[in-house]
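In the working numbering, the protein residues as written are 161 to 457. Ideal Cβ positions, reconstructed from N, Cα and C, are used throughout, including at glycine.
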């Protein structure tokens, strides 16, 4: 459901803007386009959100509590040296924090304090350290904060919501299988192939046929994967075994993509170095409102 909602939101925005270049980016470089879209929305949201500072303070407080607990737990009576104390401290926190032991070498060699006193001494610095870190975070722009995260939020959201991101080799429709563990890619409804650069081999005109129709026809395709040699659509799995295209000539393209194709037919032809498609007459009658309605189906 969340994938459907996001797809609806992105395609609705594309329709409203009517920007041809953005359509090309979305069709040809789907994953890159969507991740950039997610990134922009994350930035917009957190630039206005007032709860980010509260979240940062909550996370930092949780971390410092674990540090205090580790400092207390490391004060075992059997621990006689600061060096052993620090080793215990690092072991306790190894699942929560990345601590470079190299940075502790100087402390281990130079410090002759009692481990319990050393632990107490360190804890007196923690409140000041907490305020310093919060002040530094407050001064950072949201862009800088997100760029330094160990995981890229746009990648994680894309993976969880949009799936694997693989596109049909012919029409460029993205795979609808959830997650990344599936063995085969599929899409319930494919797009007119001309949107994905395909053209008639004889006329050089962009084609509006659907993959689900071509795989049960005698039509052939050629591309760089076939060394530009003709190959039957029926045997497409020889080159694309990871894709399963439903062989059903009764399936038709959505009004949304029919509208996009007829609206930008000339531009797509120029962009793909082809001739405009001879689209069916009824496609010309599809309105922007009908295209939007088809997204809701």
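- If you draw a 10 Å sphere on the C-beta of residue 183, you find 16 or more other C-beta atoms in it, and that means buried.
- Leaving aside the five residues that flank residue 444 on each side, the residues in its chain whose CB is nearer than 8 Å to its CB run, in chain order, 422.
- Rounded to whole angstroms, the separation of the alpha carbons of residue 368 and residue 377 is 14 Å.
- Residue ranges of uninterrupted alpha helix (DSSP H) with 4 or more members, entirely inside the region 335–393 and ordered along the chain, are 371–374.
- In the three-state DSSP reduction, residue 406 falls in the coil class, being neither helix nor strand.
- For residue 304, the enclosing alpha helix (DSSP H) starts and ends at 302–307.
- Each residue's CA atom was taken as its position, placing residue 256 and residue 286 some 17 Å apart.
- In this structure, residue 234 sits near residue 245, with a CB-CB distance shorter than 8 Å.
- Under the three-state reduction of DSSP output, residue 173 falls in the helix class.
- For residue 284, the enclosing alpha helix (DSSP H) stretches over residues 275–299.
- Inter-residue distance for residue 333 and residue 441 is about 24 Å (C-alpha atoms, whole angstroms).
- Beyond the five residues adjoining it in sequence on each side, residue 168 comes within less than 8 Å, by CB distance, of 455, 456 in the same chain, given in chain order.
- In the three-state reduction of the DSSP assignment, residue 254 falls in the coil class, being assigned neither a helical nor a strand state.
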